[in-house]
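Enquirer: Chains as they are written, first to last, in my numbering: chain A, 720 to 1039; chain B, 79 to 408; chain C, -9 to 477. Even glycine gets a Cβ: it sits at the ideal position worked out from N, Cα and C. Please read these numbers as outputs of a predicted model, since none were measured by experiment.
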Amino acid sequence: MMKTLIKALAVAAAVLVAQSAGAEEKKFTVAYIAPSLDIDYWQWVAHGVQQKAKELGMSYVEYTSENSPAKQMDNARVAVTRGVNAVVIGPVSSTSTPPLLAYLAQQKIPVAFAGIGPQQGQTKFTSAVTANNYETSLAQGKYTCELAKERGGKEVGMLSLPQDRENAQKYLKGAKEAFQANGCDLVQMLETKGLTINEAVTQANDLLTAHPNIKAIYGMYDQAGSGAAKALATRGLTGKIGITVADGSPATIQLLKDGAIQGIFFQEAVGQGIDATQQVYNALTGTQTTQNMALIMPLVKATDINSDAAKKVIARVFPQ
Amino acid sequence: MNTKARSMTSNDKNSPTPRAPSVLLAYRSELAIAMACVALLVGVGIFVPAALSSGNFANILQASAPLVIMSLGVLVVIITGGIDLSVGSIFSLTGMVTALAMANGFGDVTASLLGLGVGIVFGSINGVLITLVGLAPFVVTLITYAVAASLAFIVTNGRSLGVDSSDYWLLNSGELLPGIPNFVVFCLVFTVVLEFVLRKITAGRWFYSVGSSPMAAYLLGIPVKRTRFAAYVISGTMASFAGLLTVSYILNAEATAGASLMLQAIAAVVIGGASLAGGTGSAVGAVLGALMITIIQNGVNLIGINSFWQGSVTGLAILVAVLIDRFSHR
Amino acid sequence: MAADKLPLISVRNLQKSFGVTKVLRGVNFTVSAGQIHALLGGNGAGKSTMIRIITGGIRKDDGEISLSSQRDTEPKIAVVHQELALLADLSVAENIAIVHAASARSFVHARKRAEIGYKALSLIDPHLANTALHRRAADLSMHEGQIVEIARALSTGADVIMLDEPTANLTAGETERLFAVLRRLVTETNIGIVFVSHRMKEIRQLCDVCTIIRDGMTVIDAAPLERLTDVEIVHHMGQPDARNEIPARHKIDHADVGLVLKGPECAVPVLKGQILGLAGAPAGPSQVIALLNGTARSSTWGLEAEGWPERPTSPRQAVELGIGYVSGDRRSKGVLAQLPIIDNVLASRRVREGRVFVRRSERTECLDLVQALKLKAGSILDLPSTLSGGNQQKLLIARWLGMSLRLVVFEEPTRGVDIGTKRDIYELIRRMADAGTIVIWWSTENVELLELCDEILAFDTDGQAKGLLQSSQFNEDALADLTGMAA
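#1: Using CA coordinates, which residue listed in C:11, C:32, C:403 and C:41 is at the minimum distance from residue 18 (chain C)?
#2: Between residue 392 (chain B) and chain A, is there a C-beta pair that is closer than 8 Å?
#3: Can you determine whether any heavy atom of the ligand SAH sits closer than 7 Å to the C-beta of residue 21 (chain C), and answer yes or no?
#4: Extract the residue ranges of the alpha helix (DSSP H) inside the segment 769 to 818 of chain A, only unbroken runs of 4 or more that lie entirely within it.
#5: For a contact meaning CB atoms closer than 9 Å, what does residue 297 (chain B) contact in chain C?
#6: Looking at C-beta atoms only, is the number of pairs between the segment 388 to 405 of chain C and the segment 270 to 289 of chain C that lie closer than 8 Å three or more?
#7: So, is residue 273 (chain B) buried or exposed, given that buried needs 16 or more other C-beta atoms within 10 angstroms?
#8: So which residues on chain B does residue 123 (chain C) lean against when the C-beta distance must stay under 7 Å?
#9: Under three-state DSSP, which class holds residue 390 (chain C)?
#10: Which residue comes first and which comes last in the alpha helix (DSSP H) that contains residue 367 (chain B)?
#11: Verify the CB distance criterion: does residue 949 (chain A) have a CB-CB separation below 8 Å to chain B?
#12: Hey, residue 915 (chain A) and residue 880 (chain A) are a contact pair by Cβ (cut 8 Å); roughly how many whole angstroms apart?
#13: Establish whether the CB of residue 78 (chain C) and some CB of chain B are separated by less than 8 Å.
#14: Considering only their Cβ atoms, is the gap separating residue 963 (chain A) from residue 866 (chain A) smaller than 8 Å?
#15: If you measure beta-carbon to beta-carbon, which residues of the segment 188 to 216 of chain B are closer than 9 Å to chain A?
#16: What does the Cβ neighbour count give for residue 424 (chain C), buried or exposed, with the cut at 16 atoms within 10 Å?
#17: Which of the three DSSP states, helix, strand or coil, is assigned to residue 15 (chain C)?
#18: Scan the segment 267 to 280 of chain B for residues whose Cβ lies nearer than 8 Å to a Cβ of chain C and list them as they occur along the chain.
#19: Pop quiz: residue 947 (chain A) and residue 978 (chain A) are said to be a contact at Cβ under 8 Å. What is the actual Cβ separation, rounded to whole angstroms?
#20: So, does the segment 123 to 140 of chain B touch the segment 368 to 382 of chain B, judging by three or more C-beta pairs under 8 Å?
#21: Which term fits residue 949 (chain A), buried or exposed, when burial requires 16 or more other beta carbons within 10 angstroms of its beta carbon?
#22: Kindly indicate if chain B contains any beta-carbon less than 8 Å away from that of residue 977 (chain A).
#23: So, residue 27 (chain C) versus residue 198 (chain C), is the Cβ gap smaller than 8 Å?
#24: Measure the alpha-carbon distance for residue 742 (chain A) versus residue 233 (chain B) and round it to whole angstroms.
#25: Return helix, strand or coil for residue 250 (chain B), following the three-state DSSP convention.
#26: Pull up the DSSP beta-bridge partners for residue 30 (chain C), would you.
#27: When the Cα of residue 364 (chain B) is compared with those of B:338, B:276 and B:387, which residue comes out closest?
#28: Quick one: any contact between the segment 178 to 191 of chain B and the segment 334 to 343 of chain B, if contact means 3 or more CB pairs under 8 Å?
#29: Report the partner residues of residue 539 (chain C) according to the DSSP bridge assignment.
#30: Whole-angstrom Cβ separation of residue 110 (chain C) and residue 142 (chain C), contact assumed at under 8 Å?
#31: Residue 64 (chain C) to residue 179 (chain C), Cα distance in whole Å?
#32: Between the segment 921 to 928 of chain A and the segment 890 to 899 of chain A, can you find at least three pairs of beta-carbon atoms closer than 8 Å?
#33: Using 8 Å as the threshold, is the segment 69 to 77 of chain C in touch with the segment 6 to 16 of chain C, meaning 3 or more CB pairs across them?
#34: Ignore the nearest five residues each way along the sequence and tell me which others in residue 221 (chain C)'s own chain have a CB closer than 8 Å to its CB.
#35: How do the segment 299 to 317 of chain B and the segment 194 to 211 of chain B stand: do at least 3 beta-carbon pairs fall below 8 Å, yes or no?
#36: Hey, could you find the ends of the beta strand (DSSP E) residue 460 (chain C) is sitting in?
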C-alpha cells in the first residue's frame, strides 16, 4: 500500500515537472483578425503583427472577418479553439466589439486593437492602438484649407470613407471644425463604396463638375488621393487644386514626389500592428501595458519626403 | 433549291414582298431608352447646370466605357438564354495579371495579351462546363466568379499594383483618330460590329435562335452547343478587354476593381431591352443601358445625394424598363 | 403514276426494342410519290418509334429502310410535330429562311430573307404571306404556325412531309384549309405526305391509302381507303387483348342524382357512382374538364350540385369541394417531378385537409396506397421518374383514393400507358365508382369508354355536344359517327 502511494506521487511529480518544462518551451500564439484582407491597409497591419510576433518568438495566425460581425465572432471562437494566446484585431466596426470583448475576457485572452478602436465605454481590453482620427483631421483640415487659400479660393471638397465607421465620423468631425475655424467651406462630400481608385476618379470628377470653384480636396483614404490626382491630370489641373491624403502608400508617395498631391498624413499601419502585438505580449508576460495609444498621424509634405524623419515614418506605414 | 419544280400557279407573282417594318420601328425601344437617358441628364441639369457641360459628358463617356464593353459581352450570353456571373472577377483578374506581367518586365503588348488570355481561358471554361458537361450557367459562372476573384488576390497577395509603363495610357486615352480618345473608338467599333453580327450574320441569328427555342433550334440543325460556347468566350474576352482599358486609364490594378460591375452589366442589358429568358436584345440597347446606369451614378454624385442611393435609383430604372417592355408586348 | 417509280420511303421488317420491350416487331411501310398516306395505330402501337427511326433520330435493331428522291438530291423527310418547332422570338420570314443559310458566316440579307419566306408561304397561304411575314413566330395561332412549318419544310425541298396529328388543335374551318393546301401540294409537286391521325372522317376526306400498325406490326399495308370500311379499320386497330380483360360492368344501385352538367343546349344528370364518359376531340370535353377542375375563367358549361357553386373558381377550391382531377398529360399537369413519390401521392390530401405539418403517419398512409395500387416503386422516397408511364399514372390516381370524393375527373388517363397497366387503371376507376364517387372520364379511345361507362356524352370535332348514349345504345359505329373519330 505504501509502495503504491509513493509510486503514484512520483508519477504525479514527474508529470508536473514535465508540464512546466514544456510550458517554458511552449510558444505563444497571436491571432490577427482583420476586418477584411482585400484592402492594402489591413494587410500592412498584418505585416506589422507578423513581424513583431516573429521578433518576440510568437507564432502567428491570421483570420479575416469579411466585413461581417458574425464572422468576426466566429473567428474569435475558432482562434480560441485553436489555442491562441492573444488577439490583435481590426474590428469590422466599433459597435461590433462589446460581445467580442466579453467573450475574449471570459476566455482570459488579452486583446489589442489596431487601426479601429472599440466602442466607447468598453474597458475589457489590453490596448487600442489607433490613429487619433480627430486630432489628425484637425491638422489635415487646416492644411487642406491652407492649400485652398494659396490657390485663391475657400471651397474644399471631400472624398470620404463610409460614414458608418467610427473613424470616418471622427475624421469628418475634426475636418469640419478645422474648415470652419480657418474660413473654408466644405461644399460637397462623397462617400466611397468600393474603396477603389477607379471609383475615386469618377467621384473626384463629379465633385469638380458640380463645384468648379473647389480649390482643394481632402482625401480621407489613400485611394482618394490617387483618384483625385488622376482626375486633375485629365483636366490639366495638376497642382492647381490642392490634394491632401490620409494613410499613405507607395502610389501616393510617388504622387507626392511628383507634386500631384501636396501632403500625406501617414497612418502607420505596420506600426499599429507592431505596437498592438507588443501590448498583448506584455499582457501575457506580465509587463506593463498602455490601454489607449492614439497616435497622431504625422504630415509629410513634398519638401520633407526624403528626410530621415520621413523615412522612419514610412517604415511604419507599409512593408518596405 | 429547285424553284422550277416547286413553282405553282401562284397568281400573286406581281404583288411585292411585304416590306419589313422600318428601322425606326425596329429600334423603337432603344429610342425610348435614349430619350430616358436624355431626360435623366436634363433632370440632373436642373439641379446642377454643369451636368450638361461638355466636360461632364466626357466624364460620363469615360466612366461608362468599361461597363459598355462588358455589357456587350454579357448581352450575347443573355441572348442565348444563359447568364455570366464571372465577368466582374475576370475584369479584376485581367488587370492584376497585366500589371503583374508588366512589373516583371513583359512589354505592354505581351502583358495585355496575357491579360486578354484570362478572359479567353475563363470564358472557355465556362463554355465547356455549360455545353459539354451540361451544368447550369448560373452555377458554372458562380464558380468561375469565385475562383477568378480569389485568384485576383492570390496573384499579388492582395496588393494593388501600379503600372510604370510610360506608354500604356495610350490604350485608353491615346488618340488614333485625332480628337477622339481611343476608348470612344473601341466602344463604337465593338457596338457597331456586334450589332452587325447579331442582325446580319447567320451565326449572330443563331444566338437568338438558341436562346429563343433551343429544342426547335436543335431540330433545325443549328449547332446549339457551339453557339453557346462562343457566347461565353465572347463574354469573357469583352470583360477582359474592359479590364485592360481601366488599367490603362488609372495606371493601377486593384483586386476588387471589377466587383461591382457584374450586376451593373446585367442590369444594363436588361434595361436595354433583353429578356433574361433569352431570344431578344440588341447591342445598341445594352450600350444605352450602360449609359443610363452611368448617368444615374453621375447624377447622384453631382447632386450630392448619398452615393448609397445609387442602388435604389438603378433598381427603379430596371423596374421601369422591364415594365415598359412587358406592357409593350401585350 | 407511281407504279414504276421508286417509293419515296420503303420500310421492310423494321424491328426495335427498348430494353426488354419489343416495340417494333417487323413493320412494313411504303410511301409513294403523289399520295397522301394515312398512318393509323393505337397508342403504343409503334407509330412514333417508326417515324423516329425513319428520320434518323434513333437507330433500328433490324430491317431495311430506303429513301429516294424525285430530284437528283439527297432524299429529305420533314416532320411537322404536334408541338411546333418554331423559333419563338424570331419573325416568320426568318423562321423559314434560317434553314437556308449556307454557313455560320453567311450574310443575312433582310430583303432576300423576306423573299424566301414570302415565296414559301404564298405557295400555301397567300393571305398569311401578305400579313404575317414579319410577325413574331410566338404570336401566331397554332394553325398559322403549322402553315409556316409546312412552308419551311417544303422550301427545303422535302420529298416527304409527315404530319403528326396536325388537326388536334385546329377548328373545322382551319382543318378544311389545311387539307386543301395539302391536296394541292401533292397534286402539283408530287411529294408524298404521311398523315398520322385517328380521326376517321378526316382520313377519308384527305388520304388516298392507309397503313395500320398494331402491336409493332403492320396489319394493313398501304391499302387504298376506298376498299376499307370504317368497321374494318376500327377492328384492325382494336386491342382485343385489353378487351377480354376489361372487368364486367357493375350494376348501379338506384341512387340519387349526384350532379347535373349543364351545357349550352343540354343538361346531363349524373347519378352517384355513375361513370360518365366524354368522347371526341379535345375541343368539347376540355371545356367540361376546365369547368370541373376549376381552371376555366368563364364557361358555357355549369354545374348544379348540392352545396356546390355553379363553377369552381380555382383548382384549390375544386379540391376543397371534393373534386379530384387526373390528367394523362402527366408531365405538365400531374406529376411533381422534383418531389419524391410520397409528396406526389399525398399532395391533394394535404390541401384538402389543410395540413400544415408533415406527419410521420404520412409514411404509412403512402405505403398503404402504393400497395393498394400494386405500384412497383422502389421506395416512396424515390422520384417519380423512376416509375414507368403507367405507374406514374397510377400515382396520380392514388392521390384521390380513399378520400371519398364526390367527383373525380379523368382526362385521357390511359394515354401512353401499356395494356397491363390500363387494366389496373380501369379497375381503380371502377372501384372509385363503386364507392359512390361520380366519375367523369374523357378519352379519345372510344373502345375503353364503351366498355366501362354507364353513359357517354359525345362531342364532335367542333366542340359541340352531339349526343348522349345510354349503355343500351353503346355501339362503336354510332360513337365513331357522332365524334368523327375512330378507336
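Expert: Based on what the coordinates show:
#1: Of C:11, C:32, C:403 and C:41, the residue nearest in Cα terms is C:41.
#2: no
#3: The ligand SAH is not part of the structure shown, which contains no ligands of any sort.
#4: Taken in chain order, the complete alpha helix (DSSP H) segments of 4 or more residues contained in the segment 769 to 818 of chain A are 788 to 801.
#5: For residue 297 (chain B), the chain C residues whose Cβ falls inside 9 Å of its Cβ are 69, 71 and 75, in order along the chain.
#6: yes
#7: buried
#8: Listed along chain B, the residues sitting closer than 7 Å to residue 123 (chain C) by beta-carbon distance are 96.
#9: Coil, per DSSP.
#10: 361 to 381
#11: Taking Cβ atoms only, chain B reaches closer than 8 Å to residue 949 (chain A), which makes this a yes.
#12: About 13 Å separates the CB atoms of residue 915 (chain A) and residue 880 (chain A); that is not less than 8 Å, and the two are not in contact.
#13: True, the Cβ-Cβ gap to chain B drops below 8 Å.
#14: yes
#15: none
#16: The C-beta of residue 424 (chain C) has fewer than 16 other C-beta atoms within 10 Å across all chains shown, which makes the residue exposed.
#17: DSSP places residue 15 (chain C) in the strand class (E or B) of the three-state scheme.
#18: 277, 278, 279 and 280
#19: With a Cβ gap of about 14 Å, residue 947 (chain A) and residue 978 (chain A) do not count as contacting.
#20: yes
#21: buried
#22: no
#23: Judged by their CB atoms, residue 27 (chain C) and residue 198 (chain C) are nearer to each other than the 8 Å cut-off.
#24: Residue confidence is low: residue 742 (chain A) scores 47 on pLDDT, short of 50, so the model does not pin down where it sits. Its coordinate-derived value is still stated next. Distance between the alpha carbons of residue 742 (chain A) and residue 233 (chain B): 39 Å.
#25: helix
#26: Residue 30 (chain C) has C:202 as its beta-bridge partners, per DSSP.
#27: B:276
#28: no
#29: Since the first residue shown for chain C is -9 and the last is 477, residue 539 (chain C) is missing from the structure and cannot be characterised.
#30: 7 Å
#31: 17 Å
#32: Flag = no, the segment 890 to 899 of chain A and the segment 921 to 928 of chain A do not touch.
#33: no
#34: 466 and 467
#35: Flag = yes, the segment 299 to 317 of chain B and the segment 194 to 211 of chain B touch.
#36: First-last of the beta strand (DSSP E) with residue 460 (chain C): 455 to 460.
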